[in-house]
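Read in order, the letters of the sequence shown correspond to residues 62 to 338 in this note's numbering.
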Amino acid sequence: MREDFESRFKARWEDRRKRWEERREHRSRHGHIWTGVFILLVGAAALVKATVTDLPDWVFSWQTFLILLGLFIGIKHGFKGGAWFILILIGGAFLLRDFYPDVAIRRYIWPVVLMIIGVLFIIRPRRSLHEKWQNCEKKKTTATNSGIDEAPIVDETYESQKDYKEDFVDSTSIFGGAKKNIISKNFKGGDLVNIFGGTELDLTRADFTGTAEIELTTIFGGTKLIIPSNWTVRSEAVTIFGGLEDKRNMQTMIDNPDKVLLLKGTVIFGGIEIKSF
């Protein structure tokens, strides 16, 4: 009986490993395609600039680059999140200023940009709150069926360093910072927004099985993730004038296909730092 159990366990483990490798290969292949498309477009633009000399200056300006970059990121991610829109908005606003130099557009640029970003944040929480409600209902149902008392959910407060038991983390930091210690044993992921601010997420006491996805939107800010050494980190985030720095000890890291932390989103003039204790 023990041998039968071990054989079934090995078969299940091998099946999971194969499926995980297939998904990783599929995503890696698509990532290479998008990288190739971006390099191809940059090369084509450089060729046009070298051969056609009578094009307007704005065609190859940094404002146009921001607009095209926003469109590229939007198409790649199915126009999810707001980073692509912010890039188009900033590029378009400064391009309008160059088109109409006699009009005092500059004094209106940042107020309008901030107002639009505010509207986006007002609309955005509806989806996150709906997801939280679904997770809470699922936890209630599971607790009721199993006869286990439901664990209380701690309300989120800004700049709080309490322990958080919710499965999904939603954090927004604008001109400030937030620090959260997650202790959920059924961690699903999170949605972190940092604009001129930062978030530190301590996941050393959290746990999950499968894949947990964290969506990042970072503009002139940073995110610090403290995770267990047996988690596998895979990044599909787009970094523009920024980067991801993995400071974990390579000797203690364990490649575990059953615990994959997937990072998505966009980082512009910012960074992601990953650490383990």
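C-beta atoms are modelled at their ideal positions from N, C-alpha and C, and glycine is treated no differently.
Asked                                                                                                                                                            : Found
Which of the three DSSP states, helix, strand or coil, is assigned to R295?                                                                                      : strand
When the Cα atoms are used, what is the spatial distance from I166 to M176?                                                                                      : 15 Å
Nearest CA to the CA of D319: which residue from F126, T114, F140 and T272?                                                                                      : T272
Please determine, among I244, V98 and D159, the residue with the shortest C-alpha to C-alpha distance to S122.                                                   : D159
In three-state DSSP terms, what is L253?                                                                                                                         : strand
Can you name, in chain order, every residue of its own chain whose Cβ lies under 6 Å from the Cβ of G152, other than the five neighbours on each side?           : Q124, L127 and I128
Put H87 into one of helix, strand or coil per three-state DSSP.                                                                                                  : Interpretation of H87 is limited by its pLDDT of 48, a score under 50 that renders its predicted location unreliable; the figure taken from the coordinates is listed afterwards. Three-state result, H87: helix.
Only counting runs of 4 or more residues, tell me where the alpha helix (DSSP H) segments fall wholly within the region 260-305, in order along the chain.       : none
Among the candidates L305, I301, E306 and R309, whose CA atom is the shortest distance from the CA of F330?                                                      : I301
Keeping to the same chain, check which residues put their C-beta closer than 6 Å to that of V254; ignore five residues upstream and five downstream.             : T233 and T278
Assuming F15 and D228 are in contact, meaning their beta carbons sit under 8 Å apart, how far apart are those beta carbons, in whole angstroms?                  : Since the first and last residues shown for the chain are 62 and 338, residue 15 lies out of range.
So, for F155: in the same chain, excluding its five sequence neighbours on each side, which residues have a beta-carbon less than 6 Å away from its beta-carbon? : Q124
Could you give the first and the last residue of the continuous beta strand (DSSP E) run that contains K336?                                                     : G332 to K336
Assuming R128 is part of the alpha helix (DSSP H), what are its boundary residues?                                                                               : Residue identity differs from the one stated: residue 128 is Ile in this sequence, not Arg. Segment W123 to K137, the alpha helix (DSSP H) holding I128.
Looking at K325: is its Cβ nearer than 8 Å to the Cβ of E274?                                                                                                    : yes
Of the residues G259, V294, Q312 and M311, which one's Cα is nearest the Cα of G332?                                                                             : G259
I need the DSSP call for T327, collapsed to helix, strand or coil.                                                                                               : strand
By the three-class DSSP mapping on this structure, what secondary structure does G375 have?                                                                      : Only positions 62 to 338 of the chain appear in the structure, and residue 375 is not among them; the question remains open.
Does DSSP put L116 in a helix, in a strand, or in coil?                                                                                                          : coil
Less than 8 Å between the beta carbons of M311 and S290, yes or no?                                                                                              : no
What span of residues does the beta strand (DSSP E) with N242 cover, start to end?                                                                               : G238 to I243
If you draw a straight line from the alpha carbon of T293 to that of Y169, how long is it in whole angstroms?                                                    : 45 Å
With DSSP collapsed to three states, give me the class of I235.                                                                                                  : strand
Measuring alpha carbon to alpha carbon, tell me which of V321, F269 and T114 ends up nearest K246.                                                               : F269
What separation, rounded to the nearest whole angstrom, lies between the Cα atoms of D295 and P162?                                                              : Note on identity: in this sequence residue 295 is Arg, with Asp being the wrong assignment. Spanning the two alpha carbons is a distance of roughly 46 Å.
Should I136 go down as buried or exposed, given a rule of 16 or more other Cβ atoms within 10 Å for buried?                                                      : exposed
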